[in-house]
Ligand code: ADE
Ligand code: ZN
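Residue numbers (our numbering): 346 to 660.
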């Protein structure tokens with residue numbers, strides 16, 4: 346099965362570039378940029394990566410991202426991920442970045458976008474990997490701050506395909522961001538949003554009805570609403586699911602509980618993604634392997650999931 350998964354060309358549609366920061370690079374950049382991090386060594390880091398919720402992860406993830414200071418740092422981070430994509434036969438990527446995590450520390454938006462884009466352009470030439478970039482708004486911050494970020498992004502509009510919505514879901518529903526998503530749409534951006542990871546099915550409905558998103562990131566809790574299920578099926582609205590993330594953040598207790606197979610068999614356009622692979626113990630192929638084993642997927646089902654990844658993409 347491992348070889349079969351490796352052999353299939355795949356697209357990855359739900360990947361936070363800050364979530365690919367491996368401990369080794371974290372230490373290297375912390376030293377170079379003279380930033381203190383609360384870990385003595387790599388074992389120490391691994392020990393800290395035990396999460397009991399989305400928030401417990403986000404606290405550590407934002408702290409880790411503080412070592413990223415220069416355009417070159419973003420280039421290096423992105424290139425390491427793209428080298429992994431090349432190894433794993435990932436031929437198309439749609440990458441999230443969180444500009445507010447960096448602009449709030451005084452890093453220029455330009456440096457973030459230029460560093461990431463430089464690596465993406467280079468990887469397209471070296472490996473033939475195609476790409477789009479998705480700018481995510483942090484939902485624990487205000488809509489006004491998201492609007493400010495949208496305005497800052499406009500000179501770089503041609504580098505960015507879509508806007509997204511991530512960070513702490515509970516208590517920060519899509520309805521909080523209706524206006525900024527309308528503005529983004531008017532500026533020509535496509536729209537996606539995290540919904541139904543920890544939040545209930547109403548978050549998914551709001552993302553569709555109020556933010557008019559093309560895809561739902563996660564969508565795990567869609568089964569709570571049968572009408573919603575029918576709509577997701579009828580309109581073939583993609584769900585970018587992240588099995589190892591759901592396990593590590595305790596959305597599920599065991600991988601055997603994951604609903605991706607049931608949703609696939611029901612007829613939803615579900616896809617497999619790695620979310621924050623440096624934190625969740627596996628890149629894309631490891632996510633496929635985990636569900637293939639725990640859910641007894643057939644080769645045909647795995648092939649369908651990889652085909653779905655291209656169907657659900659912005660290609
Ligand atoms: N930021 C990075 N990973 C995330 C996730 N799984 N959910 C929400 N925000 C995130
Ligand atoms: Zn995510």
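We put the CB at the ideal spot given by N, CA and C, even for glycine.
Can you give the Cα-Cα distance for residue i and residue j, rounded to whole angstroms?
| i | j | result |
| --- | --- | --- |
| residue 360 | residue 587 | 9 Å |
| residue 447 | residue 387 | 24 Å |
| residue 350 | residue 489 | 43 Å |
| residue 418 | residue 375 | 11 Å |
| residue 523 | residue 347 | 42 Å |
| residue 525 | residue 492 | 6 Å |
| residue 414 | residue 429 | 22 Å |
| residue 475 | residue 436 | 6 Å |
| residue 633 | residue 432 | 15 Å |
| residue 420 | residue 571 | 44 Å |
| residue 478 | residue 585 | 15 Å |
| residue 416 | residue 377 | 14 Å |
| residue 486 | residue 442 | 16 Å |
| residue 645 | residue 610 | 12 Å |
| residue 395 | residue 389 | 11 Å |
Figure out for me which residue from the options has the closest Cα to the Cα of residue i.
| i | options | result |
| --- | --- | --- |
| residue 617 | 590, 598 and 641 | 590 |
| residue 353 | 534, 379, 409 and 630 | 630 |
| residue 422 | 380, 362, 592 and 444 | 362 |
| residue 614 | 652, 393 and 532 | 652 |
| residue 402 | 634, 531, 595 and 599 | 595 |
| residue 451 | 571, 411, 434 and 471 | 411 |
| residue 554 | 542, 597, 543 and 537 | 537 |
| residue 516 | 548, 391, 573 and 365 | 548 |
| residue 392 | 405, 642 and 464 | 405 |
| residue 607 | 409, 660 and 636 | 636 |
| residue 370 | 425, 471, 659 and 530 | 425 |
| residue 468 | 438, 486, 500 and 483 | 438 |
| residue 532 | 560, 625, 496 and 593 | 496 |
| residue 311 | 487, 510 and 471 | Residue 311 is absent from the structure shown; the chain starts at 346 and stops at 660. |
| residue 582 | 398, 373 and 558 | 558 |
| residue 534 | 365, 408, 499 and 592 | 499 |
| residue 518 | 367, 580 and 483 | 483 |
What does DSSP give as the partner residues of residue i in its beta bridges?
| i | result |
| --- | --- |
| residue 356 | 437 |
| residue 361 | 441 |
| residue 476 | 438 |
| residue 536 | 508 |
| residue 481 | 509 |
| residue 616 | 585 |
Would DSSP call residue i helix, strand or coil?
| i | result |
| --- | --- |
| residue 587 | coil |
| residue 557 | coil |
| residue 486 | coil |
| residue 563 | strand |
| residue 456 | helix |
| residue 415 | coil |
| residue 390 | helix |
| residue 596 | coil |
| residue 621 | coil |
| residue 645 | helix |
| residue 449 | coil |
| residue 611 | helix |
| residue 574 | helix |
| residue 426 | helix |
Measuring CB atoms only, is the segment 565–574 touching the segment 602–620, in the sense that at least three cross pairs come out at less than 8 Å? yes
Would you say the segment 499–511 touches the segment 456–464, given that touching needs at least three Cβ pairs under 8 Å? Put simply, the segment 499–511 touches the segment 456–464. At least three CB pairs are less than 8 Å apart.
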